[in-house]
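Working notes, beginning with the structure itself.
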Amino acid sequence: MIPPLRLFAFSFALCLTCLTGAGAQTPPLEYGFAVRAAAASEGRLPFWLTANREGRLDPNGSNALTRLYARRPATGSRLAFGFGIDVLARASEVNPTAYLHQLYGRLRYGAFKLTVGRKAETVGGVDPRLSVGSMMWSANAAPVPKVSLSFDYIPIIFLPGKVNLIYAKGYLGHGWLERDRYVKGAFVHEKYLYLRGIGPEDFPVMAHAGIVHNVIWGGEHPVFGKLPQDLDAYWRVFRAQTGNEADSTTIERLNALGNSVAMYDFGIDARAFGMELRVYRQFYIETGAAMLFRNAWDGLWGVSLRSKRRDRLVSGFLWEHVNTKKQSARPGFENHRDSYYNHFLYRSGWTYHGRAIGLPLIFGDGVRPGVTNNLLLAHHFGLEGRLAGRIDYRAFVTYTRNYGATGVCLDAACSAKGDRRTPRRDQVSALFEATGPLSTRAGVDFFAAFAVDAGALYPNNVGLMLGFSWRSRPTP
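What follows is the structure, given as C-alpha cells:
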C-alpha cells in the first residue's frame, strides 16, 4: 500500500500537472483566503460552532483561524485536470496547529474520476446545507487522505429513442487513518453503489437507492501487533468476509475482518411549482443482523423542501429524526447490543482525529478511544433564506435525548449502582449563521455565527464566531 507521505507527494505532482497542463478550455483558477475567530461564555465552544466544519476548529476553547486556498475544478466532457490546496493555521488555547487541510489532484474523463490526496467529501443523499449529517461520511471530521476511483450518474437501462430510465454511480477508495490512534496506521476501505430512476433525467419524480460499505482494517494493534494487510486481507475486506486462520484474531475469524460500517440509503426527489422536495432514509448497518433490517427503526429520516428561488426570506426548510437506540438489542439482553461507531479491536472506532466521521451527534469524551455517546434520539430542524436581498442565512435547532453508549458509564449515579448505562440527558443546541458582501467589487464577504447550548449533555453556553473572506474574481 502507498504510504501517506508518497500519496501527498503524488497529489502535489498531479496539482503541478494540472497547472502546467492548462489549456484554452480549462476553467479559471479560483483562490482566496478567510479569517475567523470564535469564543464562548464557558470556554468550550457550543456544539454547532464546531460540528460539520471539517474539524477546522478546536472545540475545547477560543479559536482564531486563517485559511488560504486555491482550486481548479476538473470540468468538461473530455479529459480534464483539477486540483485543490487548502492551508489552515489555527491559534487556540488548547490545540494550536498549522497544516495542509486539503491537497488533492483529480483526473476526469466524462463521468469517471481519479482523485488522489486529501479532499473534503460527503457520502449520503441528505440535504447538503441543512442536514445534521450523513450516517456515513459527513463534514464533521477532517478530510482523510485517499486514492479513489468513481463515476457520476450514467444511464445503464434505457428505452429505444435514447430515453434513459435508470442511472448508476459508484465509488471505490482506499484511505489512510492517523498514526496516533489505538490501532496505529489503520486503513479505511470505502465503496458505494447508487441507482437512480425510474424515468428520463427531466422527470419530476426520481428515486435513489444505494448501499455504502466502509471497513477499517490493517494497522498495528498494541496487543496483537501487525494486523492482516496483504492482498488476501484486502480481498476479504472488499467482500466483507471473515479472517483467515493464519493471521487474524479469533473474533475476526467468526465475524468479518476489520471494523465494518455501512448503510442502506434511500430517497425520493420531486420537483413541481418551483419547489423541490426530498424525502430520505438511511438505515445504519454494523452487523449481519442489521443487514436484514433487525434495527429497522435505527437510522436517519429526513424531509427537505426548497424553493428554486434562493432570494426568498425562507428558501429552504428541513426536518430530520435520528434514532440509534436499538442497536440489535433483544429483550433481556440489552447490555449485549451493538455499539455504533465502536469496535472491540479497532477501539478508536469510526473516528478521525477524535471526531466522528459520520453523524456528529455521536461523539467521544476525548479520554477513552472510540465514542461514548451513541444511544440517542434526536429531532433536527433547519431553515435558510436571504435577508434584505443580500444576506444569506441558515438556522438550526437540534433536540436530543442521550443515553451514553453500550457498556459505558458516564455518570457518578450509574457508577455507584454498578450499572453500565448512563442516565438520559436531554440537550438543545441552536445556531444562527449569516454571510453577505462587504464589498461586491472587491469580492470581500463577512461571516457571523451565534450558537447556544442548553441542557444536561453540554454546559449551558453561548458562543460567537466572526470573520471575513476574500475570493478571486475569474476573468470573463
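In case it helps, the numbering used here puts the sequence shown at residues 10 to 485.
In this text, a Cβ means the ideal position worked out from N, Cα and C, and glycines have one as well.
Computed from a predicted structure; not experimentally measured.
Since residue i and residue j should fall inside the 8 Å C-beta cutoff, what is the C-beta to C-beta distance between them, to a whole number of angstroms?
i    : j    : result
Y467 : F56  : 6 Å
A249 : S269 : 6 Å
W226 : A255 : That pair is no contact at about 16 Å.
R287 : D401 : Not confirmed; about 20 Å, so no contact.
G391 : L139 : 3 Å
A414 : S478 : The Cβ separation is near 38 Å, so there is no contact.
G375 : R45  : About 23 Å separates the two Cβ atoms, so there is no contact after all.
Y108 : Y78  : That belief does not hold up - the Cβ atoms of Y108 and Y78 are roughly 13 Å apart, past 8 Å.
Any heavy atom of the ligand GTP closer than 8 Å to the CB of residue i?
i    : result
G394 : Ligands displayed in this structure: none; no statement on the ligand GTP is therefore possible.
Residue i by DSSP, collapsed to three states: which one?
i    : result
F247 : helix
G88  : The amino acid occupying residue 88 in the given sequence is Leu; Gly does not appear at that position. L88 falls in the strand class under three-state DSSP.
A299 : helix
L240 : helix
R315 : strand
F212 : coil
I207 : coil
R262 : helix
W479 : strand
T449 : coil
Q58  : What sits at residue 58 in the sequence shown is Leu, not Gln. In the structure shown, L58 sits in a helix (DSSP, three-state: H, G or I).
K122 : strand
W146 : strand
S71  : coil
A255 : coil
For residue i, collect the residues of the same chain with a Cβ closer than 6 Å to its Cβ; drop the 5 residues on either side in sequence, then sort them by chain order.
i    : result
H110 : D95 and L97
L38  : R81
R315 : E285 and G325
V417 : T381
T75  : V44 and A98
R290 : F275 and W310
V192 : G228, H230 and Y355
A443 : I400, Y402 and A457
Could you tell me whether the Cβ atoms of residue i and residue j are closer together than 9 Å?
i    : j    : result
K178 : F160 : yes
V156 : G119 : no
D278 : F292 : no
H198 : G182 : yes
L123 : L112 : no
N72  : R99  : yes
G398 : V323 : no
By DSSP's criteria, residue i is part of a beta bridge. Which residues make up the other side?
i    : result
V153 : Answer is none; V153 lacks a bridge partner.
M272 : V221 and Y293
Y176 : P164 and R205
K235 : E229
W185 : F196
A460 : L440 and G472
E102 : DSSP, once it has assigned bridges, lists no residue as partnering E102.
W328 : V312 and F390
S159 : K122 and Y180
Y78  : G41 and D95
R138 : R138 is not bridged to any residue.
R127 : L112 and P154
Apart from the five residues on each side of it in sequence, which residues of its chain come closer than 7 Å, Cβ to Cβ, to residue i?
i    : result
I6   : Nothing about residue 6 can be read from this structure; the chain reaches only from 10 to 485.
L487 : With the chain covering 10 to 485 only, the question about residue 487 has no answer from this structure.
E187 : Y361 and H362
L370 : V141, V331, L385, A387 and T409
Mind checking if residue i is an interface residue toward chain B, Cβ cutoff 9 Å exclusive?
i   : result
R81 : Chain labels in this structure do not include chain B; a single protein chain is all it has.
Which residues in the same chain have their Cβ closer than 8 Å to the Cβ of residue i, if we skip the five residues on either side of it in sequence?
i    : result
G64  : N149, A150, A151, Y361, H362 and R364
T251 : R245, S257, E261, R262, L263, N264, A265 and L266
S50  : N470, V471 and G472
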